[in-house]
Structure formats: C-alpha cells, structure tokens
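Structure first, then comments.
Residue numbers (the numbering used here): 316 to 764.
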C-alpha cells in the first residue's frame, strides 16, 4: 500500500489528515503526471459527494490543477461512476472524485481516474506520491496566460442518467421500489433515473445537508430500508453508499440480498444468454462460500482477487472478463462501465427481476448464503500492516483454522481505507465462527492496540 493512496484513493479526516494543502499538492502532482503526454491544454473533471468538506477540498484541488496549466471542469455533486463515465464523454484527460464512500462524514477522500475512466494502477499512484512527498520542487508552476481555468458543467447529472437508461432494454413499469440514497451522491440522480424507467419509487435518505451522509442509512446500514420494504409491500429495495459506487438490495420480505447474491443473479442471467465472457466471474477473497458452490453447480468459473474493486477490474481487463465485483456491492459491468456503479447494478438487477416473473426472494434463492461473522479492530494506522508478522496473532488464526477444518475459513486483513484490522470467519454454524473471531480479535487487541 502506498504512502498516500490506499485501495480506493487518498483518505483521511478532512482538514486534519486530508488537508487543503495536501489536496492542492495532489491536484498539482496528478495533473502533472496524468497530462504529461498531451499536446493540448489539459482538462480534468471533478465531482464530489455531499460531505460538508467536499467543496472545500474541491477548491484546493482545482487551484492545484490550474497552477500547473490544466483546466478544472467542475461536475458538481455526482456519483463516483459518473465521474468515471464523463471523463471519456467530455474528452477529459483525467477525473477526480472527492468522496470517502461509505465512511462517516468527518472523513473524505480523493479518487483519481485516467483518461479512459479507470482507477489508476499502483505504479502511477506511486509516481504521484513521489512527486508530492519527495520531489515537490520539480513541479513546474505556470504563470500568466498559461494558467488553467475553472469551468462548470451544467449537464453532468443528466448526461450520466441518459447513459444509465441506455443500458436497459425495456422498462421498470409496474414495479414498486424503495431507494435508499444514503444522503449521498445518488440523491442527485436516483429520482430522475428511476422515473425515466417507469418505476414507482419511494426515496429514502435523499435529503443531504452536508452532515448526514451514511448516517444510519445506505448500504452500510440496511435496517431502515429492510423495514420499509417489508411494511409497505414493495417489490424490492435498493441501497447505495455515499458516492453510489456500490449497491445492496432487499427482497420483498425485507431480507438482505448482498453483493454475492447479486453477482450470482447477474452471472446466471448472462450465462443463459451466452454473454458471460469465458463463463467467468471475478470476485474477491471476501466472497461467500455459497457463491463458489453456486458457480461450481452452474458451470461458472470464479477468479479470486484480493479485496478492492480496482483489483477486480485489473483482472477483468487483463483477461477479457466482463463481470466482477465484491460482496460489499461494488459490481463492475465491463460492457457498460469502467468502475463499480451502484445505480447501474440496481437497474440491471431490477430489469432481470421484472423479466423473470419471480418474486425477488425466489430469484435470490438461487445462491445459498453461508453464515459469516466479522469484527473490526481499530488500531493505529502505522500498526495495521503488522498483524501478519505477529506470532501470537498467527497462532490464534492457525488454531481457529484447525477447528473449522474444511467446513469454513478464516480471513484476516488490514483495511485499505481505514485504521482497522478486519477479522472474518465463515462456516456452517454461526455460534462457532463468532467465538473463533472473538478469540482472534482479543489477540489482535492485545498485540496491536
């Protein structure tokens, strides 16, 4: 992991860890690296989520971009995948999204995209980091008429919505859907998107005020959506995170349908149509055992990557796969998008549901979900990579693995975006795996906290 960039950009508490000064430096360095081969005046698009700190950081980023002679085109409040799409649509040289995704409001982040709308590989991020941290004096500042300009787009949200609706054959007429926008970026696009597709929708948590993003809502807090769907006889519910690059769902009974189940539905549908490239789905090591058993039973091959949708995408691009994602709801349709897109996933899922003639619970039941239990251990950020070298932690993990045998697994990893160690167990009995996780957690707390 880099010194500034984790698995999903640079993140930290806004104005203390992710400062305006750092944002300006990232703007300068990113513009320098990502536009170095252009023969025209470079243009970088910038979007932001609803956090109170987002516009402050946008101002600093824009200043940095303009100081090295690139123009900053401001998209306004839009989802992360809108930035990825509009980079190409607007002929820009790079894109920036200001968001900390599913994290609380005090955090913010900076995600970078290349001219094709793809997240940057580690090597390019490391080059940008080096320019910021080791060689800031080498950045060439412009002056006079060579300075960049700050421009504003008036059509970003509308252009993105049109792109999404163009991916759906037919409509969603006759469906009653509850949509949880997490008081985040989807608040700017979801109502118009579902309206254009003909669905009857109820928007939940779509009144952002700068402070309420992800607050007891969205894809990390599904309880209110589950209750609403159950009590108001909806056909389904969908929930996004703060920047709307992930989607989870709820069936008509109010039961959670997670990213693994959604991927199973997509893979099955595409395979039946002969459209699943190489009969392969790309998933991460966090995916449920049930997904792998489903795939095996249906002749679908699964390629596993480490956690992070960027690594899923890298595998897809390297071998020509068109579908991949994470249990958390980051799902990538390679034919339509260059990154995970929560609203794209939602409308594709609901289209399949409508055309199936089934209830959502029946459709989701094609995959059996095995019990998982996970706890997060908060540690100092500089210590979170040390767990793998600690003999006592390794011993606790080995002991748990021996108890599970072939009936489950243990996964311990450092978060790529937060100062956390995540400890997960999976198996047939929830009680057993809960105790095993708690034992490992106590050891991690003893050794690293």
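Using N, Cα and C, we set each Cβ at its ideal position, and we do this for glycine too.
Query: Considering only the beta carbon of each residue, do residue 355 and residue 556 sit closer than 8 Å?; Result: no
Query: Applying the criterion that 16 or more other CB atoms from any shown protein chain within 10 Å of the CB defines a buried residue, is residue 440 buried or exposed?; Result: buried
Query: Would you identify the three-state DSSP class for residue 439, choosing helix, strand or coil?; Result: helix
Query: Which class does residue 728 belong to by DSSP, given the choice of helix, strand or coil?; Result: strand
Query: Tell whether a beta-carbon distance below 8 Å holds between residue 408 and residue 350.; Result: yes
Query: Return the first residue and the last residue of the alpha helix (DSSP H) that residue 669 is part of.; Result: 657-671
Query: Taking Cβ to Cβ, would you say residue 388 is nearer than 8 Å to residue 405?; Result: yes
Query: Are residue 347 and residue 446 touching if we call contact CB-CB under 8 Å?; Result: yes
Query: Note the first and the last residue of the continuous beta strand (DSSP E) segment covering residue 358.; Result: 358-363
Query: Taking only three categories from DSSP, how would you classify residue 621?; Result: coil
Query: Beta-carbon within less than 8 Å of residue 373's beta-carbon, same chain only, minus the 5 sequence neighbours each way: which residues are those?; Result: 361, 363, 389 and 413
Query: What residue from 476, 339, 458 and 657 has the CA that sits closest to residue 411's CA?; Result: 339
Query: Touch check for the segment 629-640 and the segment 565-583: three-plus C-beta pairs under 8 Å?; Result: yes
Query: Taking DSSP's pairing of strands, which residues face residue 638 in a bridge?; Result: 648
Query: Is DSSP giving residue 527 helix, strand or coil here?; Result: coil
Query: From residue 645 to residue 560, what does the alpha carbon distance come to, in whole angstroms?; Result: 6 Å
Query: Classify residue 576 as buried or exposed, calling it buried when 16 or more other Cβ atoms lie within 10 Å of its own Cβ.; Result: buried
Query: First and last residue of the alpha helix (DSSP H) that includes residue 575?; Result: 574-587
Query: Name the two residues that bound the continuous beta strand (DSSP E) containing residue 689.; Result: 687-693
Query: Between the Cα of residue 558 and those of 533, 546 and 551, spot the shortest distance and give me the residue it belongs to.; Result: 533
Query: Measure the alpha-carbon distance for residue 365 versus residue 450 and round it to whole angstroms.; Result: 33 Å
Query: Go ahead and pull the three-state DSSP assignment for residue 562.; Result: strand
Query: Could you give the C-beta distance for residue 624 and residue 655, rounded to a whole number, given that I count them as a contact under 8 Å?; Result: 5 Å
Query: Determine the extent of the beta strand (DSSP E) in which residue 735 is found, giving its start and end residues.; Result: 735-742
Query: Can you tell me whether residue 745 is buried or exposed, with buried defined as 16 or more other CB within 10 angstroms of its CB?; Result: exposed
Query: With a threshold of 8 Å on Cβ separation, who are the neighbours of residue 508 within its own chain once the five nearest residues in sequence on each side are excluded?; Result: 476, 479, 480, 658 and 662
Query: Just tell me which of 687, 732, 550 and 423 has its CA closest to the CA of residue 601.; Result: 687
Query: Quick check: the segment 732-745 against the segment 663-672, are there 3 or more CB pairs under 8 Å?; Result: no
Query: According to DSSP, simplified to helix, strand and coil, what is residue 748?; Result: helix
Query: Where does residue 395 sit, in a helix, a strand or coil, going by DSSP?; Result: helix
Query: Which ranges would you report for the alpha helix (DSSP H) in the segment 427-497 if only whole runs of at least 4 residues count?; Result: 437-448 and 471-480
Query: Looking at the unbroken beta strand (DSSP E) that takes in residue 326, where does it start and where does it end?; Result: 324-328
Query: Which stretch, first to last residue, makes up the beta strand (DSSP E) that contains residue 599?; Result: 595-599
Query: Indicate whether the contact test is met: 3 or more Cβ pairs, each with one atom in the segment 373-386 and one in the segment 538-546, closer than 8 Å.; Result: no
Query: For residue 456, I'd like the list of residues in its chain whose CB is within less than 7 Å of its CB, leaving aside the five on either flank, ordered along the chain.; Result: 382 and 383
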